[in-house]
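S.K.: The structure that follows is given in the form of structure tokens.
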Amino acid sequence: MRSIIDILDLSTEELDELIATALDIIGHPRKYSHICDGLKLATLFFEPSTRTRMSFEAAMYELGGHVISMASAASSSAAKGESVADTVKVISCYADIIAIRHPKEGAALVAANNASIPVINGGDGGHCHPTQTLADLLTIYREKGRLDGLTIGVCGDLKFGRTVHSLINAMSRYEGTRFVLISPEELRVPDYVINEALVRKGVPYSETTDLDKAMPELDILYMTRIQRERFFNEEEYLRLKDSYILTADRMKNAGDDMIVMHPLPRVNEISVAVDDDPRACYFKQVLNGKYMRMALMLKLLAEAGKLESTGLNGSRTVTL
Ligand code: NCD
192 MRSIIDILDL
202 STEELDELIA
212 TALDIIGHPR
222 KYSHICDGLK
232 LATLFFEPST
242 RTRMSFEAAM
252 YELGGHVISM
262 ASAASSSAAK
272 GESVADTVKV
282 ISCYADIIAI
292 RHPKEGAALV
302 AANNASIPVI
312 NGGDGGHCHP
322 TQTLADLLTI
332 YREKGRLDGL
342 TIGVCGDLKF
352 GRTVHSLINA
362 MSRYEGTRFV
372 LISPEELRVP
382 DYVINEALVR
392 KGVPYSETTD
402 LDKAMPELDI
412 LYMTRIQRER
422 FFNEEEYLRL
432 KDSYILTADR
442 MKNAGDDMIV
452 MHPLPRVNEI
462 SVAVDDDPRA
472 CYFKQVLNGK
482 YMRMALMLKL
492 LAEAGKLEST
502 GLNGSRTVTL
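The working numbering puts the first residue of the sequence shown at 192, with every later residue one more than the last.
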């Protein structure tokens, strides 16, 4: 049974295929509005979420399917001590596909190893968040018209930010990508990500603490929240929380076609005045995330043989 735990579980051809499907959904929503009739998505969220859970749910409704949901650990048998493995064995009896978020790194993999239906990782601790990256890729494609030859500045909490790890893993596979990693010393990208995604593949990157200096050379500035819930001590969080605040004034250092992205939620790392700047794309990412989750669920359900009547077999090759 195919599950998606890491963005690297999808080949670059499959990323192109998902983008093509999402664009087709955007262009022809009615074509897809009954494709999942009678199918059920289970959302299992052991950590807070607004966008990821609700976009998965909206996505399944827009495909004609149904949703059963566990919106918090406290409201489920996890509170009584049930393991993730047992929970997903149970959910496999009720649903056709699972989206899971969990505070522990590796929990989504445990779920996938124990479920008899496809599992999609909606974020496992500080590890990875593949479907946010799908939203990011569609946004970059729609805004920049390409996924190659881009200089991407990633700024904020690059240590605990799982969206950052998945984005680096995805974009490092495209020709001509260059990264500028902007963070306080304490919140640098973990070595395992740097080594596997960048050094091993020879992808050019630089590390800096200086956002203003980096801005003029960027095609994309990807801002992130300092991940308070993953800090071991509150003092350290308080010291680092306002390391970078993107203001309208600072945006003057950026090129006219640099886009600003953020997985959201934002706390105060982007001032609301930037929202009116045409280069701000973070709310577009939200909408794109729904379309990419529709495309991903369609692909996994097709591969699991649940969409046979629709003619989708999950193995199309699409050229963008
Ligand atoms: C992100 C996450 O949960 O990792 N949110 C999201 O899914 N869009 C980013 C964050 O919480 O900072």
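C-beta: ideal position from N, C-alpha, C; glycine also.
List the endpoints of the continuous beta strand (DSSP E) containing S397.
M.R.: In the sequence shown, counting from the first residue as 1, residue 397 sits at position 206. Its beta strand (DSSP E) spans residues Y396 to T399.
S.K.: Can you tell me whether L455 sits near the ligand NCD, meaning its C-beta is under 7 Å from at least one heavy atom of the ligand?
M.R.: For the purposes of this step, residue 455 is taken as the residue at position 264 of the sequence shown. Yes.
S.K.: Which class does T508 belong to by DSSP, given the choice of helix, strand or coil?
M.R.: Against the sequence shown, residue 508 aligns to sequence position 317. Residue confidence is low: T508 scores 48 on pLDDT, short of 50, so the model does not pin down where it sits. No coordinate-derived value is stated.
S.K.: Just tell me which of A495, K475 and A493 has its CA closest to the CA of A326.
M.R.: Position 135 of the sequence shown holds residue 326. Of the listed residues, the one whose Cα sits closest to A326 is K475.
S.K.: Roughly how many angstroms lie between the CA atoms of T508 and S374, to the nearest whole one?
M.R.: Mapped onto the sequence shown, residue 508 falls at position 317. Mapped onto the sequence shown, residue 374 falls at position 183. Confidence at T508 is low in this model, with a pLDDT of 48, below 50, so its placement is unreliable and no value can be given for it.
S.K.: Whose C-beta lies closer than 7 Å to the C-beta of L537 among residues of the same chain, with five residues either side of it excluded?
M.R.: In the structure displayed, the chain extends from 192 to 511; residue 537 sits before or after that span and is not available.
S.K.: Tell me the rounded alpha-carbon separation between A299 and V458.
M.R.: For the purposes of this step, residue 299 is taken as the residue at position 108 of the sequence shown. For the purposes of this step, residue 458 is taken as the residue at position 267 of the sequence shown. If you take the alpha carbons of A299 and V458, they lie about 26 Å apart.
S.K.: The alpha helix (DSSP H) with G313 in it runs from where to where?
M.R.: As a working mapping, residue 313 is identified with position 122 in the sequence shown. Counting along the chain, G313 falls outside any alpha helix (DSSP H), though it belongs to the beta strand (DSSP E) covering V310 to D315.
S.K.: Which residues in the same chain have their Cβ closer than 6 Å to the Cβ of E296, if we skip the five residues on either side of it in sequence?
M.R.: Taking the sequence shown and counting its residues from 1, one reaches residue 296 at position 105. Closer than 6 Å at Cβ, skipping near neighbours: D315, G316 and H318.
S.K.: Using a threshold of 8 Å, state whether the C-beta atoms of M192 and A495 are closer than that.
M.R.: As a first step, residue 192 must be located in the sequence shown, where it is residue number 1. As a first step, residue 495 must be located in the sequence shown, where it is residue number 304. Yes, they are a contact pair.
S.K.: Using the beta-carbon count (16 or more within 10 Å), is N424 buried or exposed?
M.R.: Mapped onto the sequence shown, residue 424 falls at position 233. Exposed: under 16 other Cβ atoms inside 10 Å.
S.K.: For Y413, write down the residues that DSSP places opposite it in a beta bridge.
M.R.: Against the sequence shown, residue 413 aligns to sequence position 222. Looking at the DSSP assignment, Y413 forms a beta bridge with V345 and M452.
S.K.: In whole angstroms, give me the CA-to-CA distance for G446 and S434.
M.R.: Indexing the sequence shown from 1 puts residue 446 at position 255. Indexing the sequence shown from 1 puts residue 434 at position 243. The alpha-carbon atoms of G446 and S434 are separated by roughly 22 Å.
S.K.: Quick check: the Cα distance between V371 and I198, rounded to an integer number of angstroms?
M.R.: Taking the first residue of the sequence shown as position 1, residue 371 is located at position 180. Taking the first residue of the sequence shown as position 1, residue 198 is located at position 7. Distance between the alpha carbons of V371 and I198: 21 Å.
S.K.: Measuring CA to CA, which of I411, D403, P321 and G255 is closest to V451?
M.R.: Indexing the sequence shown from 1 puts residue 451 at position 260. Answer by Cα proximity: I411.
S.K.: In terms of DSSP beta bridges, what is M261 paired with?
M.R.: Numbered from its first residue, the sequence shown carries residue 261 at position 70. Beta-bridge pairing links M261 to L235.
S.K.: Can you check which of these residues, M442, V279 and P454, is closest to A512 by C-alpha distance?
M.R.: Outside the shown range of the chain (192 to 511) lies residue 512, about which nothing can therefore be said.
S.K.: State yes or no: is the C-beta of R369 within less than 8 Å of the C-beta of P395?
M.R.: Position 178 of the sequence shown, counted from the first residue, corresponds to residue 369. Position 204 of the sequence shown, counted from the first residue, corresponds to residue 395. Cβ atoms of R369 and P395: closer than 8 Å.
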